[in-house]
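Protein chains: 2
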Amino acid sequence: MPKIDVGRIWSLNFRLLMSVITSVAPDITGLGLETKELFVLAEVDEHPHPAELAGVLSMPKPSVTMYIKRLEAAGFLRREIDSADLRRHRLILTPEGRKTMARGLALLAKAFGARLARLNSAQQSELATLLEKLG
Amino acid sequence: MPKIDVGRIWSLNFRLLMSVITSVAPDITGLGLETKELFVLAEVDEHPHPAELAGVLSMPKPSVTMYIKRLEAAGFLRREIDSADLRRHRLILTPEGRKTMARGLALLAKAFGARLARLNSAQQSELATLLEKLG
DNA sequence: TTACGATAGTTTACTATTAAACTAATAAAT
DNA sequence: ATTTATTAGTTTAATAGTAAACTATCGTAA
């Protein structure tokens, strides 16, 4: 069993993600949102509150505030004040937001999928499982 | 075999990297450089010219210019004009820069390694293999 | 041998991001 | 009940990042 080079795995992985993001950024912009706004949009269903989004996406709260503001202005989501806790805002995707999210993720999936295609189906499942454990 | 969700793999992986970066950022700052400056420093040996660095790290050229300027001012690297091509600057790590790079990468490896520890040894190897294939 | 297009790196001028401080609401303790 | 601490989200003030335009050099070609 050879010793694993953590730094190398890190660097490969990081550069992979950055290069995929860079390559799709112009297409995503074409949908009317920025890459980071898409990441926010993509987590709204699972994490409908801004503070959670900030945590899960490792973003500062003010950044989330701003992305949400833009996404709302663009008609991709709307906000409701949580009646059980008046501090909280529940975010809800609009149909347009959901459609745009799907398109954006499809672009990302296409670019990332091109890399993932180097793995066979079983390996892709295995990777998903391992990343689940790491999350 | 269920169809694999590329977007989900993407999201898990992206969130993993961001959370690791966020967790080590304060310690890296303590070394006297920013995270992105560390990434630049870490690629200088393999890619000693700014334009290459920009390509490999998926960063705009002006950003690289700025990071290099700071790294040079901090004494972590120096620049030589390539005598064969007066447009090019060859970057060279100083001993101090090399030491700081090693410390920074060690912090990163430690934080990432802590996540990796959730996997058993066989799973770590499997992950390494899969990510190698994707690089 | 100058003219032209391409490349390396920088500067400028603007936008994006965020730390710090704030308001408002809730929870916990006294 | 009232203080105190905590949490959600926003605003402000300042820094970080970058697109566009620039200088300088190079490679090539008529």
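Chains as they are written, first to last, in the numbering used here: chain A, 1 to 135; chain B, 1001 to 1135. Even for Gly, the Cβ is constructed at its ideal location relative to N, Cα and C. Treat the numbers as computed from the prediction; the structure is a model and nothing was measured.
*Since residue 112(A) meets chain B, which of its residues come closer than 7 angstroms, beta carbon to beta carbon?*
1006, 1010
*When the cut-off is 8 angstroms and only beta carbons count, does residue 1022(B) lie next to chain A?*
yes
*Could you pull out every unbroken beta strand (DSSP E) segment of at least 3 residues lying fully inside the stretch 31 to 83 of chain A, listed in chain order?*
77 to 81
_residue 111(A) and residue 20(A) - do their beta-carbons sit closer together than 8 angstroms?_
yes
*So residue 91(A) is in the alpha helix (DSSP H); what residue range does that whole segment cover?*
Run containing residue 91(A): none in the alpha helix (DSSP H); it sits in the beta strand (DSSP E), 89 to 93.
*Inspect the CB distances between the stretch 1023 to 1035 of chain B and the stretch 1046 to 1065 of chain B and report whether three or more fall short of 8 angstroms.*
no
*Could you tell me whether any Cβ in chain A is nearer than 8 angstroms to the Cβ of residue 1063(B)?*
no
*Whole-angstrom distance between residue 1090(B) and residue 91(A), CA atom to CA atom*: 50 angstroms
*asked:* Taking the beta carbon of residue 1083(B) as the centre, do at least 16 other beta carbons fall within 10 Å, making it buried, or is it exposed?
replied: exposed
*Does DSSP put residue 13(A) in a helix, in a strand, or in coil?*
helix
*asked:* Only counting the same chain, and skipping five residues up and downstream in sequence, which positions put a Cβ closer than 7 angstroms to that of residue 103(A)?
replied: 31
*Is it true that the CB of residue 127(A) sits closer than 8 angstroms to the CB of residue 1118(B)?*
no
_C-beta contact flag for residue 44(A) and residue 108(A) at 8 angstroms_ = no
*chain B partners of residue 83(A), CB-CB under 9 angstroms?*
Ordered by position in chain B, no residue passes the 9 angstroms Cβ test against residue 83(A), which lies about 30 angstroms from the chain.
*Pull up the distance between the alpha-carbon of residue 1015(B) and that of residue 1086(B), whole angstroms please.*
42 angstroms
*Sorted by chain position, which residues of the same chain lie with C-beta nearer than 8 angstroms to residue 65(A)'s C-beta, five sequence neighbours on each side aside?*
50
*To the nearest angstrom, how far is it from the Cα of residue 1042(B) to the Cα of residue 1105(B)?*
8 angstroms
*Which word fits residue 1028(B), buried or exposed, when buried means at least 16 other C-beta atoms lie within 10 angstroms of its C-beta?*
buried
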